[in-house]
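Those protein sequences? They're chains X and H, same order as listed. Numbered per the UniProt record's numbering, the first sequence finishes at 501, counting up by one with no gaps. Numbered per the UniProt record's numbering, the second sequence finishes at 140, counting up by one with no gaps. We put the beta carbon where it would ideally sit given N, CA and C, even for glycine. If you're wondering where the values come from, they're calculated on a predicted model, not measured in any experiment.
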Amino acid sequence: MLFSASSYLYPYGAGWLDALPSGRRGDGDGTGRWAICAPVDRSVPAGAGPIGAWSAPRGASAVRTGARQCFSRAVTATPTHRTIDAVWRIESARLIAGLVRLVRDVGLAEDLAQDALVAALEQWPSSGVPDNPGAWLMSVAKRRAIDAIRREKVLERKHEQLGRELEIERGTGVADFDAAVDGAEVGDDLLRLMFIACHPVLSTEARVALTLRLLGGLTTPEIARAFLIPEPTVAQRIVRAKRTLADKRVPFEVPGGDERAARLSSVLEVLYLIFNEGYSATAGDDWVRPALCEEAMRLGRVLAELTPREPEVHGLVALMEIQASRLRARVGPSGEPVLLLDQDRGAWDQLLIRRGLAALERAEAIGDARGRYVLQAAIAACHARARTAEQTDWPRIAELYRELSELVPSPVVELNRAVAVGMAYGPAAGLELVDALAAEPSLKEYHLLPSVRGDLLASLGRLDEAGTELARAASLTRNNRERELLLRRVEDCARGRVPTR
Amino acid sequence: MRFMVILKANEESEAGVLPDEGTLAAMGRYNEELVKAGVMLAGEGLQSSAKGARVQFADTGITVIDGPFTEAKELIAGFWLIQVGSKEEAIEWVKRCPLGGGAEVEIRQVFEADDFGANLTPELRDAEERLRARVSERQQ
């Protein structure tokens, strides 16, 4: 290996997360605006099963909530309830999407879907699970929707002394229910649901929670456990988000033109954020956190099926699949993180790599303008294709980072580029780029800057300067093992040796 | 978590009879549904055991037996690899598979590295990973 700094090179994105300055996890561009996991509360009970979760407040009436609480206590984890859980995971997004289309209100639609779920919990244990559980849930929810619309109509007449039809009835009409819910528009509805859950009118935290809830079928406690935040916080985020969507009268649509691109990019950002949260998980070893990666990948694949002509969607899928292919190689036997170039490539998941490379090919076949996800996927693919670390195509990676840097100017990307340039064209070329970043305020406390610089200097034989930089990096890192490693290399420099690993 | 969904062979599949157009179309729609839901990672149909072989290991040596093999129910005709949240979810997906009477499907969870726990010592893990490295080198 040319110099050890290179082993810090992660693809821009997930790989950086563990190493970012405090409170900045998930912050791919160094701005800190993705600090969704700030208040860490490890006291979240791990025992709350998915069914228990259905008792969480969701703005429904007290009676309904009470009913769910009864259920949640009475019925944990019998085979039928596990089946209902599974059916819910498979059907809930389509169910809710169809219902939003009818009632034009995300909160009401989710309540209706939950009502259908409660009915299933009441009836299936004795009646057995129906042959087509999805259709069963849908028909119950539709009946409740009609009731709700009629109730609302009566109320409205009473209150306003007006006989005018509700917009929802004008728009779709009760008679059109079947067509609307069962028709070929299911895919469109699902896409609309993704777009509305990730609407820019919502905070990033709310978009993440709502996406997992509405599209992923996750419960409030599951989301809370996955993000290590208190359950009431998640519940509140979801309630507020649904209220915001209603108050701002956000339309249930897939916008066209420029707005479509911006809105799609918000969906991609949310999915990648969910993925990163799972990928960077260092705490909470129960299944929920790794499952976040799987859920983000699943939703990405769903989105790719819904929008097959969008290269960035395939790019994100490719990026996630390739990064996930390294999940089992990125942690050592005693739980320590293993950096990309030190990973055992034999432990990389070849199936996910193949899937990722295929998704990247689809993205590149669509258009020539490469977006941020396609570029990151292309970088990840360079690593995935190299059988050994030494075979890595560094000139290509350096070039891809240059493109990425132009598209998404960021000091962190630039630092990555410096490492790649150093690997491709020698440490002096890399050092030149690193030195240009020295005055960058956002990297002031970022230990990888002096760490990379120290390694480049050491490779050039400037050991005194290298030692100073590495010592500075050691003082900045929050990871004990990394600090030990850095201090050992400081010692090497002091003894006049080029530090090796 | 991943599951391998194994479709058992029957006399027809073993006789090399190809599924009719209707069956193929229904299976195509089912697979499409799996893909649209983002759960299908891979899947293949297998040719009859007449085109396969068995390799038997004994203390005295290795014996190779060419197909076909007789006990159709114990043979497999195809598989899916799916990624879902639970075994129940895998079952729910399998229940939607358009198969006729007499068909049987087996659902098996795929090991993840961590499932081996303490039995997979660091040394064994290293050995396994070296092996995987060699395999993947040859594949590429």
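* In the structure shown, what three-state DSSP assignment does Q47 of chain H receive? -> Here residue 47 of chain H is taken as the residue at index 47 of the second sequence, counted from 1. Coil.
* Spell out whether any CB of chain A is found under 8 Å from the CB atom of T219 of chain X. => Any reference to chain A falls outside this structure, whose protein chains are X and H.
* Asked: Would you say L7 of chain H and L351 of chain X are within 8 Å of each other, going by their C-beta atoms?
  -> Locating residue 7 of chain H in the second sequence gives position 7, counting from the first residue. Locating residue 351 of chain X in the first sequence gives position 351, counting from the first residue. Against a cut-off of 8 Å, the Cβ pair of L351 of chain X and L7 of chain H comes out as no contact.
* State the DSSP-derived secondary structure class of L7 of chain H, mapped to helix, strand or coil. => Locating residue 7 of chain H in the second sequence gives position 7, counting from the first residue. L7 of chain H: strand per DSSP, three-state reduction.
* Continuous beta strand (DSSP E) stretch holding R54 of chain H: start and end -> For the purposes of this step, residue 54 of chain H is taken as the residue at position 54 of the second sequence. Unbroken beta strand (DSSP E) run through R54 of chain H: A53 to A58.
* Could one say the Cβ of L193 of chain X lies closer than 8 Å to chain H's Cβ atoms, at least one of them? -> The residue labelled residue 193 of chain X in the question sits at position 193 within the first sequence. It does not: the Cβ of L193 of chain X has no partner Cβ on chain H nearer than 8 Å.
* Asked: Mind checking if L41 of chain H is an interface residue toward chain X, Cβ cutoff 8 Å exclusive?
  -> As a working mapping, residue 41 of chain H is identified with position 41 in the second sequence. By this cut-off, L41 of chain H is an interface position.
* Asked: At which residues does the alpha helix (DSSP H) containing E259 of chain X begin and terminate?
  -> Taking the first sequence and counting its residues from 1, the one referred to as residue 259 of chain X is at position 259. Looking at the DSSP string, the run of the alpha helix (DSSP H) that includes E259 of chain X is G257 to Y279.
* With C-beta atoms as the reference, is residue 509 of chain X less than 8 Å away from L456 of chain X? -> In the structure as shown, chain X starts at 1 and stops at 501, and residue 509 of chain X therefore has no counterpart that could be examined.
* **Buried versus exposed call for P450 of chain X [16 or more other C-beta atoms within 10 Å across all chains shown]** => The residue given as residue 450 of chain X occupies position 450 in the first sequence. Under this definition P450 of chain X is a buried residue.
* Asked: Going along chain X, which residues have a C-beta under 8 Å from I91 of chain H?
  -> What you label residue 91 of chain H is simply residue 91 of the second sequence in a count that begins at 1. Result: T83 and A86.
* Asked: Of all the options X:A347, X:E305 and X:D258, which has the alpha carbon lying nearest to the alpha carbon of R387 of chain X?
  -> Locating residue 387 of chain X in the first sequence gives position 387, where the first residue counts as 1. Considering only alpha carbons, the answer is X:A347.
* To do: Check whether the Cβ of A318 of chain X lies closer than 8 Å to any Cβ atom in chain H.
  => On the first sequence, residue 318 of chain X is found 318 positions in, with the first residue counted as 1. Taking Cβ atoms only, chain H never reaches closer than 8 Å to A318 of chain X, which makes this a no.
* **Outcome for L218 of chain X when other beta-carbon atoms lying within 10 angstroms are tallied against a minimum of 16** => The residue given as residue 218 of chain X occupies position 218 in the first sequence. So L218 of chain X ends up on the buried side.
* Quick one: using the 10 Å Cβ neighbour count with 16 as the cut-off for buried, is E310 of chain X buried or exposed? => In the first sequence, counting from the first residue as 1, residue 310 of chain X sits at position 310. So E310 of chain X ends up on the buried side.
* **Extent of the continuous beta strand (DSSP E) run through R63 of chain H** => As a position in the second sequence, residue 63 of chain H is number 63, starting the count at 1. At residue 63 of chain H the sequence reads Thr, which differs from the Arg that was named. Counting along the chain, the beta strand (DSSP E) containing T63 of chain H begins and ends at G61 to D66.
* Would you mind stating whether V216 of chain X and L299 of chain X have Cβ atoms separated by less than 8 Å? => Numbered from 1 along the first sequence, position 216 holds the residue referred to as residue 216 of chain X. Numbered from 1 along the first sequence, position 299 holds the residue referred to as residue 299 of chain X. The question names Val, yet the displayed sequence has Gly at residue 216 of chain X. For G216 of chain X and L299 of chain X, yes; Cβs fall inside 8 Å.
* **Selection from X:E364, X:Q323 and X:K153 that minimises the alpha carbon distance to A384 of chain X** => One-based indexing of the first sequence puts residue 384 of chain X at position 384. The candidate whose alpha carbon is nearest that of A384 of chain X is X:Q323.
* Report yes if the CB atom of V39 of chain H is closer than 8 Å to the CB atom of I82 of chain H, and no otherwise. => Working through the second sequence from its first residue, we reach residue 39 of chain H at position 39. Working through the second sequence from its first residue, we reach residue 82 of chain H at position 82. Going by C-beta atoms, V39 of chain H is nearer than 8 Å to I82 of chain H.
* Of all the options X:D393, X:L375, X:Q391 and X:R396, which has the alpha carbon lying nearest to the alpha carbon of residue 562 of chain X? -> Given a span of 1 to 501 for chain X in the structure shown, any question on residue 562 of chain X remains unanswerable.
* Asked: Can you find a C-beta in chain H that's less than 8 Å from the C-beta of I90 of chain X?
  -> By 1-based counting over the first sequence, the position of residue 90 of chain X is 90. Closer than 8 Å: yes.
* Residues of the segment 75-91 of chain H whose Cβ lies closer than 9 Å to any Cβ of chain X, in chain order -> L81, Q83, V84, G85, S86, K87, E88, E89, A90 and I91
* Per DSSP, which one or two residues make a beta bridge with L81 of chain H? -> Position 81 of the second sequence, counting from 1, holds the residue named residue 81 of chain H. DSSP output for L81 of chain H lists H:M4 and H:A42 as bridge partner(s).
* Contained alpha helix (DSSP H) runs [length at least 4] in the segment 79-106 of chain X, N- to C-terminal order -> 79-103
* Asked: Since E92 of chain H is in the alpha helix (DSSP H), which residue starts that stretch and which ends it?
  -> Working through the second sequence from its first residue, we reach residue 92 of chain H at position 92. It spans K87 to K95 - the alpha helix (DSSP H) in which E92 of chain H sits, taken as one unbroken run.
* For A474 of chain X, go through chain H and note every residue whose CB falls closer than 9 Å to its CB, in chain order. => The residue you call residue 474 of chain X lines up with position 474 of the first sequence. Ordered by position in chain H, no residue passes the 9 Å Cβ test against A474 of chain X, which lies about 27 Å from the chain.
* Within 10 angstroms of the Cβ of G107 of chain X, are there 16 or more other Cβ atoms? Answer buried if so, exposed if not. => Here residue 107 of chain X refers to the residue found at position 107 when the first sequence is read from its first residue. Buried, because 16 or more other Cβ atoms sit within 10 Å of the Cβ of G107 of chain X.
* To do: With DSSP collapsed to three states, give me the class of P441 of chain X.
  => Mapped onto the first sequence, residue 441 of chain X falls at position 441. Helix.
* State yes or no: is the C-beta of E106 of chain H within less than 8 Å of the C-beta of D85 of chain X? => Counting from 1 along the second sequence, the entry for residue 106 of chain H is found at position 106. Counting from 1 along the first sequence, the entry for residue 85 of chain X is found at position 85. Result no, Cβ atoms of E106 of chain H and D85 of chain X do not sit closer than 8 Å.
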